[in-house]
Amino acid sequence: MTSCPADDVDEDVLLTVQPVGFNESVAVRVKQTCGCDCGLAGRCHDNGESGSCGAADEEARLAGHRQCQAEGSGTVCSGRGSCVCGMCVCHHGNLGAVYGKFCELDDFSCPYQDGLLCGGRGQCVLGECRCQTGWTGESCGCPISAETCRSNDGILCSGHGRCVCGSCVCDEPQHDVDEDVLLTVQPVGFNESVAVRVKQTCGCDCGLAGRCHDNGESGSCGAADEEARLAGHRQCQAEGSGTVCSGRGSCVCGMCVCHHGNLGAVYGKFCELDDFSCPYQDGLLCGGRGQCVLGECRCQTGWTGESCGCPISAETCRSNDGILCSGHGRCVCGSCVCDEPQRSGRLCDKCPTCYSSCQTHWWAGQMNPVCTPAPIAATTGSKWAGAKARASRSY
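Numbering follows full-length UniProt numbering, with no gaps: position 351 of the sequence shown is 351.
Structure (structure tokens):
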């Protein structure tokens, strides 16, 4: 009850309970006990069977509002709900669901990975993924453990790199001494190979201010340049996007290192491409006529549709005389859709049950399945010609 009865008379309620899948039901008689609105000072008598409510208790109301605020937050229900009797009632969101004790969770404002919110490894809290234990990253796509970067002998990246998001990023040369590298190149299909000696040039880690001398054969690296680091991050964002590597990779020296996806490959300059989140047609991703960009097919020129299966051109819908669908339909995805249900044929040119001016000039049961009446002047009147001209009458 939200208010106490006007009098002190007991009021019982009879409830009927019928479990899903059962024909039987059970009647339960429930005795009401008085209860006042939250924040109202009231008194109950006779073991709560009757009572009266008093004036609003402001302190009680404020206490209820405090119960609707997350620890360290001064906002009621995260600004996305209403506080009712010390509990948050979350507002309905047009973009998706809003839920949680303080309406702090949703299913739309955080990045997705492999088609799952926060990669399926965390919760979306006010636009930020709160990852499960063992995972990190904008979309919880990076394992904290570096075990995947260790060789059989337990050495991290063979001692020549660092582990970034479960993958090794190899070190660049950081010395001033010339060191040549001998590379062996063997083209596919050939037994012969060629040895190429490559001279290394000095290079600093991205974001480090450095100087090279002697045509790049020696040099020294300086302190970290924060502006250079930020510039590198901007190079990892697609135009018009504020998300680094589409939320599916890590930015290393201004280049995206795409995370490994359990569902398939993630690739592209900004990790915006994959081979699993778009529709297939004829066994091919995007029908083999487009690229899968963040769950949407970007079709090649001349094609459209969810899976790039529809030609933009309507030439396949034109008859030899150039008329679209014989003038009795529209071209949808390269095929004619007839305006009338009785019409058929690839170009809506067949109509065995159409009522036309030629119908009255044919004998019953001998209608031409392609209705093309053509009046012919004659001294005795008009005749009608066509595939069934032999069945026409004179008038």
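All C-beta atoms in this analysis are idealised placements derived from N, C-alpha and C, irrespective of residue type, glycine included.
Determine the burial state of residue i: buried for a count of at least 16 other Cβ atoms within 10 Å of its Cβ, exposed for fewer.
i	result
Pro-341	exposed
Cys-142	buried
Val-20	exposed
Gln-113	buried
Gly-154	exposed
Asp-349	buried
Leu-62	exposed
Val-98	buried
Gly-189	exposed
Phe-102	buried
Leu-284	exposed
Gly-100	buried
Glu-24	exposed
Glu-239	exposed
Val-177	Note that Val-177 scores 47 on pLDDT, short of 50, meaning its location in the model is unreliable; the coordinates nonetheless yield the value given after this. Label assigned to Val-177: exposed.
Assuming contact is defined by CB atoms lying nearer than 8 Å, are residue i and residue j in contact in what I supplied?
i	j	result
Val-266	Arg-248	yes
Gly-161	Ser-145	no
Cys-310	Cys-292	no
Cys-286	Cys-299	yes
Val-169	Val-252	yes
Leu-273	Gly-115	no
Arg-80	His-91	yes
In chain order, what residues of the same chain lie with their CB nearer than 7 Å to the CB of residue i, ignoring the 5 residues before and after it?
i	result
Val-28	Leu-15 and Val-17
Leu-117	Asp-107, Cys-110 and Cys-124
Leu-324	Ala-314, Cys-317, Arg-318 and Cys-331
Cys-271	Cys-245, Ser-246, Arg-248, Gly-249, Cys-256 and Cys-258
His-328	Cys-338, Asp-339, Glu-340, Arg-343 and Cys-348
Ser-158	Ser-151
Arg-197	Asp-180 and Leu-182
Leu-156	Ala-146, Cys-149, Arg-150 and Cys-163
In angstroms with no decimal places, state the Cα-to-Cα distance between residue i and residue j.
i	j	result
Cys-338	Thr-316	14 Å
Thr-243	Cys-236	8 Å
Gly-232	Gly-86	47 Å
Gln-132	Cys-140	8 Å
Thr-136	Gly-122	9 Å
His-175	Lys-199	Bear in mind that a pLDDT of 47 at His-175, under 50, signals an unreliable position, so the number given afterwards is only what the model happens to contain. The alpha-carbon atoms of His-175 and Lys-199 are separated by roughly 13 Å.
Pro-187	Gly-127	50 Å
Pro-373	Ser-326	Caution is warranted here: a pLDDT of 45 is assigned to Pro-373, below 50, making its placement in the model unreliable, and no coordinate value can be reported.
Thr-304	Arg-346	21 Å
Gln-366	Thr-353	Residue confidence for Gln-366 is low, a pLDDT of 44 falling below 50, so the modelled location carries little weight and cannot support an answer.
Ala-70	Glu-306	43 Å
Gly-322	Cys-297	32 Å
Gly-120	Arg-130	11 Å
His-260	Val-164	12 Å
Arg-234	Gly-268	16 Å
Leu-294	Gln-281	18 Å
Ser-73	Leu-105	15 Å
Asp-171	Thr-301	41 Å
Asn-320	Ile-312	19 Å
Phe-22	Ser-335	51 Å
Ser-241	Val-26	59 Å
Cys-308	Gly-254	33 Å
By Cβ distance below 6 Å, which residues in the same chain neighbour residue i in space, the five residues on each side in sequence not counted?
i	result
Gly-166	Pro-143 and Thr-148
Thr-184	Ser-193 and Ala-195
Cys-68	Val-76, Cys-77, Cys-83 and Cys-88
Leu-95	Phe-108
Phe-276	Leu-263 and Gly-264
Glu-138	Pro-111 and Gly-247
Residues in the same chain with beta-carbon distance under 8 Å from residue i, minus the five sequence neighbours each way, listed in chain order, please.
i	result
Asn-191	none
>> Which complete alpha helix (DSSP H) runs does the stretch 51-138 hold, if anything under 4 residues is left out?
In response: DSSP runs (the alpha helix (DSSP H)) wholly in the stretch 51-138: 58-66.
> In chain order, which beta strand (DSSP E) runs of at least 3 residues are fully inside the stretch 253-332?
Replying inline: DSSP runs (the beta strand (DSSP E)) wholly in the stretch 253-332: 255-258, 290-293, 296-299 and 329-332.
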